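Student:
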Amino acid sequence: MYQGKVLTNNNKEPSSLNMNIPDTFSDIDPISQSDGPEPACAITYTPEFVEAHDYLRAVLKADERSERAFDLTTICLKFNPANYTCWHFRRRCLVALCTPTDGDAQATIDVERIDNDLEFADKLGGSNPKNYQLWYHRRALLELRFKGDEKIQVAQKELSYVDKILDDDNKNYHAWSHRQWIIRTINQPQLWSAEIEYSHSKILLDPRNNSAWNQRWFATHEGEIATNSGMKLGKLAFQKAEEEANYAVCGAQVDPFNESPWRYLIGVLMEQYRWAQREGGVDDKDRTNGLLREYVAKIKEMNKAWDSPADDLPAGPCVSLMSALVDLLETIGDKTSLEEAKNMMGELVVEDPVRRKYWNKRKSTVLVLLGEVSD
Numbered sequence: 000m001y002q003g004k005v006l007t008n009n010n011k012e013p014s015s016l017n018m019n020i021p022d023t024f025s026d027i028d029p030i031s032q033s034d035g036p037e038p039a040c041a042i043t044y045t046p047e048f049v050e051a052h053d054y055l056r057a058v059l060k061a062d063e064r065s066e067r068a069f070d071l072t073t074i075c076l077k078f079n080p081a082n083y084t085c086w087h088f089r090r091r092c093l094v095a096l097c098t099p100t101d102g103d104a105q106a107t108i109d110v111e112r113i114d115n116d117l118e119f120a121d122k123l124g125g126s127n128p129k130n131y132q133l134w135y136h137r138r139a140l141l142e143l144r145f146k147g148d149e150k151i152q153v154a155q156k157e158l159s160y161v162d163k164i165l166d167d168d169n170k171n172y173h174a175w176s177h178r179q180w181i182i183r184t185i186n187q188p189q190l191w192s193a194e195i196e197y198s199h200s201k202i203l204l205d206p207r208n209n210s211a212w213n214q215r216w217f218a219t220h221e222g223e224i225a226t227n228s229g230m231k232l233g234k235l236a237f238q239k240a241e242e243e244a245n246y247a248v249c250g251a252q253v254d255p256f257n258e259s260p261w262r263y264l265i266g267v268l269m270e271q272y273r274w275a276q277r278e279g280g281v282d283d284k285d286r287t288n289g290l291l292r293e294y295v296a297k298i299k300e301m302n303k304a305w306d307s308p309a310d311d312l313p314a315g316p317c318v319s320l321m322s323a324l325v326d327l328l329e330t331i332g333d334k335t336s337l338e339e340a341k342n343m344m345g346e347l348v349v350e351d352p353v354r355r356k357y358w359n360k361r362k363s364t365v366l367v368l369l370g371e372v373s374d
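Residue numbers are given in numbering that gives the first Met the number 0: position 258 of the sequence shown equals residue 257, and the series is strictly consecutive.
(1) Which residue wins for smallest C-alpha separation from VAL318, given the options VAL365, GLY345, TYR83, ALA68?
(2) Throw me the rounded Cβ distance for the TRP86 and GLN132 pair, which I believe falls under 8 Å.
(3) By Cβ distance, which residues of its chain are closer than 6 Å to LEU337, with the 5 residues on each side in sequence left out?
(4) Tell me where the alpha helix (DSSP H) around PRO188 begins and ends.
(5) Quick one: complete alpha helix (DSSP H) runs, 4+ long, within the segment 265-320?
(6) Enumerate in chain order the residues of its own chain whose CB-to-CB distance from ILE265 is below 7 Å, with the five nearest sequence positions on each side excluded.
(7) In terms of alpha-carbon separation, which member of LEU235, GLN214, TRP212, ASN213 lies closest to GLU223?
(8) For TRP212 and SER159, which I take to be in contact (beta-carbon distance under 8 Å), what is that distance rounded to the nearest angstrom?
(9) Output yes or no for whether 8 Å exceeds the beta carbon distance between TRP175 and GLN214.
(10) Between ARG178 and VAL161, which are expected to be in contact by the criterion C-beta below 8 Å, what is the C-beta distance as a whole number of angstroms?
(11) For ARG207, I'd like the list of residues in its chain whose CB is within less than 7 Å of its CB, leaving aside the five on either flank, ordered along the chain.
(12) CA-CA distance, THR23 and PHE145?
(13) What residue range is occupied by the uninterrupted alpha helix (DSSP H) comprising LYS77?
(14) Excluding the 5 residues preceding and the 5 following LEU140 in the sequence, name in chain order all residues of the same chain whose CB lies nearer than 7 Å to its CB.
(15) Restricting to Cα atoms, I'd like to know which of PRO80, LYS163, ARG90, PRO38 is closest to LEU59.
(16) Buried or exposed, going by whether 16 or more other CB atoms sit within 10 Å of the CB of CYS75?
(17) Go to ASP53, then tell me how far its alpha helix (DSSP H) extends in each direction, as first and last residue.
(18) Determine, using beta carbons only, whether PRO80 and ASN17 come nearer to each other than 8 Å.
(19) Can you tell which of ILE20, ALA154, TYR83, LEU320 has its C-alpha closest to the C-alpha of ASP53?
(20) Helix, strand or coil for PHE217, going by three-state DSSP, please let me know.
(21) If you compare alpha carbons, which of THR45, ALA41, GLU350, ALA61 is closest to ASP26?
(22) Could you check the C-alpha separation between ASP148 and ALA154 for me, to the nearest Å?
(23) Quick check on DSSP: helix, strand or coil for ASP109?
(24) Quick check on ASN10: does DSSP put it in helix, strand or coil?
(25) Just the Cα atoms here: how many angstroms apart are ASP103 and TRP216?
(26) Cβ of PHE119 within 8 Å of Cβ of CYS92?
(27) For the alpha helix (DSSP H) that contains VAL248, what are its first and last residues?
(28) Ends of the alpha helix (DSSP H) at ASN359?
Here is the structure:
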């Protein structure tokens, strides 16, 4: 195992590394890539790429977790930031380099080294923020940092980093997932409440951003579990559900053609309804049924106002509004509501031709229900 000079120090950014690989690894024989005797489609690499990876294969075979091996991963990752094996080996080197030579001593967390590596990952990810390996590497490093006393401060700093990524692409799935992982891992009330406000700010910037609406759902639901000491209720508290339903209606009023707030509204209301049918008593069922009828009335009022739409909105029936209304009417399930739903589905067959088969199928289902419902 190599015990020689250190090629970088912890204060030096890995991205500024300049290494003469053959000289540094003069005691190791490089291993060439094996493509077989007759490769079907051989890839032409640059000489520098070949040299770095030939030595990386040799280091991997020897399982040498040293400073020079760590530095070699820096070079290889600059060539290919999506190299999962190289990222994995880099983390193993980091752990080894943070472990004291005394076998009885506990491994320490080298905060400065980890923070430098987070910065290195940031620079590599600048041109490709949807590189899965980079996001996983950040998570693995943060798992180490979250073990310290400053985990909330570390989390807030990482959330700021994610916000920077979302400013460039507000629908980056990797960034949103990473954000959820941070908040769920730290699981502190102030982060949950702050995330509701954060998702609101993103919705204001782009009301059609489904990712932001999904984040609000995540923050309200899992945040409620966190504030109830881990007790999973299976739904939002009734008062909170009313607040979220009103929020969705306000979003729909801004742009009725935006499907996002309508789906959010239906999600909140249907969650209450299903829980009441499954676990609630008579009072819960009556209260939930009243909630559904309340929002049916609100949507009908919006639909009436649609006779004179704003100048910046298109004329004609609003399919998203009609679709939400149909869902609620069918859920209420009495004969009057089902008749309304059936008639509106007939309109949607015409107004929403892309899904006409879907609406015809829904209509046939309602006809069956009407045959089962008494006056």
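The C-beta atom is built at its ideal place from N, Cα and C for all residues, glycine as well.
Please read these numbers as outputs of a predicted model, since none were measured by experiment.
Tutor: This is what the structure holds:
(1) As a working note, residue 318 is residue 319 in the sequence shown. Of the candidates VAL365, GLY345, TYR83, ALA68, the one whose C-alpha sits nearest the C-alpha of VAL318 is GLY345.
(2) Sequence index remark: in the sequence shown, residue 86 carries index 87 (1-based). Sequence index remark: in the sequence shown, residue 132 carries index 133 (1-based). Right, the Cβ-Cβ distance comes to about 5 Å (below 8 Å), so this counts as a contact.
(3) Counting from 1 along the sequence shown, the entry for residue 337 is found at position 338. Once the five neighbours on either side are set aside, the close Cβ partners of LEU337 are VAL365, LEU368, LEU369.
(4) Locating residue 188 in the sequence shown gives position 189, where the first residue counts as 1. Unbroken alpha helix (DSSP H) run through PRO188: 188-204.
(5) 281-304
(6) The residue given as residue 265 occupies position 266 in the sequence shown. Contacts found: ALA323, ASP326.
(7) For the purposes of this step, residue 223 is taken as the residue at position 224 of the sequence shown. Comparing Cα-Cα distances from GLU223 to each of LEU235, GLN214, TRP212, ASN213, the minimum goes to LEU235.
(8) Sequence index remark: in the sequence shown, residue 212 carries index 213 (1-based). Sequence index remark: in the sequence shown, residue 159 carries index 160 (1-based). Actually they are not in contact, since the Cβ atoms of TRP212 and SER159 sit about 22 Å apart, beyond 8 Å.
(9) Counting from 1 along the sequence shown, the entry for residue 175 is found at position 176. Counting from 1 along the sequence shown, the entry for residue 214 is found at position 215. Taking 8 Å as the Cβ cut-off, TRP175 and GLN214 qualify as a contacting pair.
(10) In the sequence shown, residue 178 corresponds to position 179, counting from 1. In the sequence shown, residue 161 corresponds to position 162, counting from 1. Between VAL161 and ARG178 the Cβ distance is about 5 Å, and since that is below 8 Å, they are a contact.
(11) Locating residue 207 in the sequence shown gives position 208, counting from the first residue. For ARG207, where only same-chain residues beyond five positions count, the Cβ hits under 7 Å are ASN257, SER259.
(12) Locating residue 23 in the sequence shown gives position 24, where the first residue counts as 1. Locating residue 145 in the sequence shown gives position 146, where the first residue counts as 1. For THR23 and PHE145, the distance between alpha carbons rounds to 35 Å.
(13) Locating residue 77 in the sequence shown gives position 78, where the first residue counts as 1. Counting along the chain, the alpha helix (DSSP H) containing LYS77 begins and ends at 66-78.
(14) The residue given as residue 140 occupies position 141 in the sequence shown. So the list reads ILE113, ASP116, LEU117, once near-sequence residues are dropped.
(15) For the purposes of this step, residue 59 is taken as residue 60 along the sequence shown, with counting starting at 1. Residue ARG90 is the option with its Cα nearest to LEU59.
(16) As a first step, residue 75 is located in the sequence shown; it is residue number 76 there, counting from the start. Per the 10 Å Cβ criterion, buried.
(17) Along the sequence shown, one-based indexing puts residue 53 at 54. 46-61 is the span of the alpha helix (DSSP H), which, as asked, contains ASP53.
(18) Looking up residue 80 in the sequence shown gives position 81. Looking up residue 17 in the sequence shown gives position 18. The answer is no: Cβ separation not under 8 Å.
(19) Taking the first residue of the sequence shown as 1, we reach residue 53 at position 54. Of the listed residues, the one whose Cα sits closest to ASP53 is ILE20.
(20) Locating residue 217 in the sequence shown gives position 218, counting from the first residue. Three-state result, PHE217: helix.
(21) Residue numbering aside, residue 26 sits at position 27 when the sequence shown is read from its first letter. Checking every option, the nearest Cα to that of ASP26 belongs to ALA61.
(22) Along the sequence shown, one-based indexing puts residue 148 at 149. Along the sequence shown, one-based indexing puts residue 154 at 155. Distance between the alpha carbons of ASP148 and ALA154: 12 Å.
(23) Here residue 109 refers to the residue found at position 110 of the sequence shown. It is coil, neither helix nor strand.
(24) Mapped onto the sequence shown, residue 10 falls at position 11. In this predicted model, ASN10 has a pLDDT of only 37, less than 50, meaning its place in the structure is not dependable; the value taken from the coordinates is given anyway. Three-state DSSP puts ASN10 in coil, outside helix and strand.
(25) Mapped onto the sequence shown, residue 103 falls at position 104. Mapped onto the sequence shown, residue 216 falls at position 217. At ASP103, the pLDDT of 49 sits below 50, so the modelled position is not reliable; the number obtained from the coordinates is stated separately. Going by the C-alpha atoms only, they are around 47 Å apart.
(26) Indexing the sequence shown from 1 puts residue 119 at position 120. Indexing the sequence shown from 1 puts residue 92 at position 93. Against a cut-off of 8 Å, the Cβ pair of CYS92 and PHE119 comes out as no contact.
(27) Against the sequence shown, residue 248 aligns to sequence position 249. 237-253 is the span of the alpha helix (DSSP H), which, as asked, contains VAL248.
(28) Against the sequence shown, residue 359 aligns to sequence position 360. Where ASN359 is concerned, the enclosing alpha helix (DSSP H) stretches over 355-371.
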